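Numbering (my numbering), first residue to last: 3 to 179. Just so you know, even glycine gets a beta-carbon here, dropped at the ideal spot from N, CA and C. This one's a predicted model, so the numbers in the text were calculated from it and none came from an experiment.
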């Protein structure tokens, strides 16, 4: 599945899809979801028009992400949208973060980085996307699922830690006033 919202990511995805024409096995499908809110709408529609003739390409414009699509996908390729967290935590499969400047992944807030190796792999171009997909297909998927479940249990559904983080954040902001 592909879900992006930045112009530079569109360029990578166009090259990636061009490679798919050559390298993709007939049984694999690519679900392309345009970003809601008309971001890159014209570019997304161009991609849909260009690849609609291929049986492996699905332009998914549904309002809600379908659970079956998540189960059918081995991963999501995305940039800085919430789906690069929602998908791994829901489907227990990784996200490939498109990021030309890998230094951006080192940015952190209160010790938390956007990039998380449990949930993400990183690619800066179409070739790396293919390499990361190959890694995902060859890795121990059960181990990946267990690692994501453990992360999810510890970080997402542990209300004690979440509440503590939120409380500390509010206190810090109040002290800044």
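| message | Alpha carbons only, please: which of 110, 35 and 70 is nearest the one belonging to residue 50? | response | On the chain shown, residue 50 is found 48 positions in, with the first residue counted as 1. Nearest C-alpha to residue 50: 35.
| In whole angstroms, what is the alpha-carbon distance linking residue 2 and residue 173? | Any question about residue 2 goes unanswered here, given that the chain covers just 3 to 179.
| task | Would you kindly report the start and end of the unbroken alpha helix (DSSP H) that includes residue 21? | result | Here residue 21 refers to the residue found at position 19 of the chain shown. 9 to 25 is the span of the alpha helix (DSSP H), which, as asked, contains residue 21.
| query | Looking at the structure shown, is residue 153 part of a helix, part of a strand, or coil, going by DSSP? | reply | Residue mapping note: residue 153 aligns to position 151 of the chain shown, counting from 1. It is helical.
| How close, in whole Å, do the beta carbons of residue 102 and residue 126 come, if the pair is a contact with beta carbons under 8 angstroms? | Position 100 of the chain shown holds residue 102. Position 124 of the chain shown holds residue 126. Confirmed, Cβ separation roughly 5 angstroms.
| query | DSSP state of residue 45, grouped into three classes? | reply | On the chain shown, position 43 is the one that residue 45 refers to. Three-state result, residue 45: helix.
| message | Short of 6 angstroms in beta carbon distance, which residues of its chain neighbour residue 128, apart from the five on each side in sequence? Order them along the chain. | response | Mapped onto the chain shown, residue 128 falls at position 126. Closer than 6 angstroms at Cβ, skipping near neighbours: 14, 17, 18 and 21.
| query | Closest by CA to residue 95, which one among 41, 65 and 148? | reply | Here residue 95 refers to the residue found at position 93 when the chain shown is read from its first residue. Per the Cα distances, 148.
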